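*Asks:* Before I ask anything, let me first share the structure, which is written out below as structure tokens.
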Amino acid sequence: MTAVSDQSDALFRAMRETAAAVDRRFNAVLLQSDGLEHRLMEATRYASIGAGKRLRPLLVVGSAQLFGVDLSSAIQVGTAVECIHTYSLIHDDLPAMDDDDLRRGKATVHKAYDDATAILAGDGLQALAFELLASEETHADPRVRVELVAALSRASGFGGMVGGQAIDIAAETESELDLGAITHLQRLKTGALIGFSVEAGGILGKADPYHREALRGYAQNVGLAFQIADDLLDVEGDPESVGKATQKDEEAGKATFVSLLGVDRARAQAKYLVEQALEHIEDFGEEASLLRGVARFVITRDK
Ligand code: GRG
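Be aware that the sequence shown starts at 3, since it is given in my numbering, and climbs by one per residue.
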């Protein structure tokens, strides 16, 4: 019992420390302005600082720990992936997409500011992600920086998050998704960025192909488990603690893991995926304890 609570204490400490470090990085790079762009910078800071679980940066820190990578490099890459994630949330909330009023427990950016500012905040964060990766502060070796830029471009672009979002939007009017199609959609829409976050430690640490393959297996399983947990929170979660509207999928008549499998089978599948994720990293020792903790956390979280 003590061992279990020690593990979750360590995980929550790592979450707090990672979140604080990402906030410090955002504070350093998102400068307030006295010029006419001040509203944009204020909105971008509103969306980015002190917000969210910072799960993706935590995955970068966890995978970096496997290869003895400096924490400052992991935080820099974690902040870059959080830029992409935050931009996707801002744009997803716009009236042209999901049209949401609440995100991360507060008004969405277009509600607190306006649509144009929200679009620009997302655009600016997307560019900032690649500026951070290209910086010498990320890694001394330029080949590592280029590999990170290429991997995050793939994960966030047409063959990743943006492609997944397009499939999701098209499915609303064009086709009924079955389990295979939902799995494909979610692998792109949310899985690709989670995949990058896990892969990043291997890139920073110049890991060999065997260990990179293990990370890919872990990430694929954690990504799907995360999405099933997200679907379950939409059905069962409390909007207060989730920090956004719930029951959205059913209202929109969307096919999800939960609508197709039912709550109990979806929960069992998420648990199975986490077990699979843990198997992929079983060759690692203590240095993988953060990744193990995160895998368990994705299906037990309440937000
Ligand atoms: C608009 C290009 C574009 C893409 C949007 C990822 C995405 C595609 C939209 C987000 C919509 C959504 C709620 C998806 C479900 C999974 C998800 C990404 C949840 C939010 O991630 P968390 O739980 O959020 O990590 P926090 O706020 O903790 O960072």
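All residues carry an ideal CB built from backbone N, CA and C; glycine is no exception. Predicted model, so just to flag it, every value in this text is computed and none were measured.
#1: Could you check whether the Cβ of Ser243 sits closer than 7 Å to any heavy atom belonging to ligand 1?
#2: Along the chain, where does the alpha helix (DSSP H) that runs through Gln188 open and close?
#3: Cutting at 8 Å between CB atoms, please list the residues of its own chain near Thr81, excluding the five before and the five after it.
#4: What is the DSSP secondary structure of Leu104, counted as helix, strand or coil?
#5: Where does the unbroken alpha helix (DSSP H) through Phe299 begin, and where does it stop?
#6: Taking the straight line between their C-alpha atoms, what separation do you get for Arg145 and Ala209?
#7: Spell out the partners DSSP gives Ala109 in its beta bridges.
#8: By how many angstroms is the C-alpha of Met163 removed from the C-alpha of Glu39?
#9: Which word fits Asp236, buried or exposed, when buried means at least 16 other C-beta atoms lie within 10 angstroms of its C-beta?
#10: In terms of residue numbering, what span does the alpha helix (DSSP H) encompassing Lys273 cover?
#11: Helix or strand or just coil, what does DSSP make of Tyr212?
#12: Between Gly203 and Leu73, which are expected to be in contact by the criterion C-beta below 8 Å, what is the C-beta distance as a whole number of angstroms?
#13: Kindly indicate the opening and closing residues of the alpha helix (DSSP H) around Val71.
#14: DSSP three-state label for Ser137, please.
#15: Leaving aside the five residues before and after Thr20 along the sequence, list all residues of the same chain whose C-beta is less than 8 Å from its C-beta, in chain order.
#16: Cutting at 7 Å between CB atoms, please list the residues of its own chain near Asp103, excluding the five before and the five after it.
#17: So, using beta-carbon positions, are Leu122 and Ser50 closer together than 8 Å?
#18: What is the DSSP secondary structure of Pro97, reduced to helix, strand or coil?
*Replies:* Reading from the atomic positions:
#1: Because no heavy atom of ligand 1 lies under 7 Å away, the Cβ of Ser243 does not count as near it: no.
#2: Note, Gln188: alpha helix (DSSP H), 181-188.
#3: Excluding positions up to five away in sequence, the list reads Val24, Arg27, Phe28, Val31, Pro59, Leu134.
#4: In the structure shown, Leu104 sits in a strand (DSSP, three-state: E or B).
#5: Taken as a continuous stretch (DSSP letters only), the alpha helix (DSSP H) holding Phe299 covers 291-302.
#6: Each residue's Cα considered, the two are about 14 Å apart.
#7: Leu104.
#8: The C-alpha of Met163 is placed about 28 Å away from the C-alpha of Glu39.
#9: Buried, by the Cβ-count rule.
#10: Counting along the chain, Lys273 sits inside the alpha helix (DSSP H) bounded by residues 265-282.
#11: Three-state result, Tyr212: helix.
#12: Contact flag wrong, Cβ pair sits at about 11 Å.
#13: Bounds of any alpha helix (DSSP H) do not take in Val71, whose DSSP letter is neither H nor E.
#14: The answer is coil: DSSP assigns Ser137 none of H, G, I, E or B.
#15: Excluding residues up to 5 positions away in sequence, Arg56, Pro59, Leu60, Val63, Ile77, Gly80 lie with their Cβ nearer than 8 Å to the Cβ of Thr20 in the same chain.
#16: By the criterion of a C-beta distance shorter than 7 Å, Asp103 is surrounded in its chain by Ala109, Thr110, Lys113, once the five residues flanking it on both sides are discounted.
#17: In terms of Cβ geometry, Leu122 and Ser50 do not form a close pair [threshold 8 Å].
#18: Of the three classes helix, strand and coil, the one that applies to Pro97 here is coil, per DSSP.
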